[in-house]
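Here's the structure we're looking at; comments come further down.
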Amino acid sequence: MEQNNVEDITQTLTDEKSSNTCKKRNLNTKRTDYLDWQDYFMSVAFLSAQRSKDPSTQVGACIVNDEKKIVGIGYNGMPNRCSDDELPWKREADEWLETKYPYVCHAEMNAIMNKNSSSVKGCSIYVALFPCNECAKLIVQSGIKEVIYYSDKHKDKDTMKASRRLLDLANVTYKQHIPKNSQVVIDFDSINIRSSQKS
Ligand SMILES: O=c1[nH]c(=O)n([C@H]2C[C@H](O)[C@@H](COP(=O)(O)O)O2)cc1CO
Ligand SMILES: [Zn+2]
Numbered sequence: 001m002e003q004n005n006v007e008d009i010t011q012t013l014t015d016e017k018s019s020n021t022c023k024k025r026n027l028n029t030k031r032t033d034y035l036d037w038q039d040y041f042m043s044v045a046f047l048s049a050q051r052s053k054d055p056s057t058q059v060g061a062c063i064v065n066d067e068k069k070i071v072g073i074g075y076n077g078m079p080n081r082c083s084d085d086e087l088p089w090k091r092e093a094d095e096w097l098e099t100k101y102p103y104v105c106h107a108e109m110n111a112i113m114n115k116n117s118s119s120v121k122g123c124s125i126y127v128a129l130f131p132c133n134e135c136a137k138l139i140v141q142s143g144i145k146e147v148i149y150y151s152d153k154h155k156d157k158d159t160m161k162a163s164r165r166l167l168d169l170a171n172v173t174y175k176q177h178i179p180k181n182s183q184v185v186i187d188f189d190s191i192n193i194r195s196s197q198k199s
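Each residue of the sequence shown is one higher than the one before, starting from 1 at the first, in UniProt numbering.
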């Protein structure tokens, strides 16, 4: 292990169980690798998506007010009190009524409906996927002013063209978010890591 001199304030983080040195970090100055606000809100949207039971696409949404406070979170799922064991999750079936589409609530709708403030007027919504036209209607009607999305993979579909038309007319801005890192890892064990002065 390399020897520190007196000025060197670098400390190592040591794993409680294995005593393995796993990270080197300066513990006397402010962290620089923290999540910035935009990555944080997008990560909250993606984490919420992990609650979704949709087998093919899990979408999350996070509504943020102008004080950078989260006022609503949602993910795609079946409506309250409608058993998601009794409704279909299929994308295709002989009949549309036997697919998930007529029943599933989109993440944006749930985030708006779950709001913990009196209004979402002037807020931003962080979403994993660019919102469809039905969600665009809800966004416009609720007064949300900005959409920050990660993926635009359905951009050529009519539903997305209609969505952009509505958002444009209503002056709701939208922009794609490019996160600093392509992954945000949650390591529950990291809280058990103790810092120890390197000598
Ligand atoms: O804006 C959206 N928000 C949202 O929550 N969804 C949900 C509805 C479905 O559960 C799922 C889309 O399913 P699929 O990719 O299998 O068509 O994503 C889909 C969109 C469309 O972009
Ligand atoms: Zn939608």
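Note that the Cβ used here is the ideal one computed from N, Cα and C, for glycine as well.
Considering just the uninterrupted stretch of the beta strand (DSSP E) at residue 135, what are its terminal residues? Here the question's residue 135 lines up with position 135 in the sequence shown. Here residue 135 belongs to no beta strand (DSSP E); instead the alpha helix (DSSP H) covers 133 to 142.
Spatial neighbours of residue 71 in its chain, beta-carbon cut-off 8 Å, leaving aside the 5 residues before and after: Locating residue 71 in the sequence shown gives position 71, counting from the first residue. Here the set comprises 63, 64, 65, 115, 116, 117, 120, 123.
Separation of residue 99 from residue 69, as counted between CA atoms: Here residue 69 corresponds to residue number 69 of the sequence shown, with the count starting at 1. Here residue 99 corresponds to residue number 99 of the sequence shown, with the count starting at 1. About 36 Å.
In three-state terms, what does DSSP make of residue 181? Counting from 1 along the sequence shown, the entry for residue 181 is found at position 181. Three-state result, residue 181: coil.
At which residues does the alpha helix (DSSP H) containing residue 43 begin and terminate? On the sequence shown, residue 43 is found 43 positions in, with the first residue counted as 1. Unbroken alpha helix (DSSP H) run through residue 43: 37 to 49.
Count the CB pairs spanning the region 33 to 51 and the region 146 to 153 that are closer than 8 Å, and state whether there are at least three. Yes, since at least three Cβ pairs between the region 33 to 51 and the region 146 to 153 fall closer than 8 Å, the two stretches touch.
Please confirm whether any heavy atom of ligand 3 lies closer than 7 Å to the CB of residue 76. No copy of ligand 3 appears in this structure; the ligands present are ligand 1 and ligand 2.
Counting pairs of Cβ atoms below 8 Å between the region 27 to 36 and the region 135 to 142, do you hit three or more? Under the 8 Å Cβ criterion, the region 27 to 36 does not count as touching the region 135 to 142, having fewer than three qualifying pairs.
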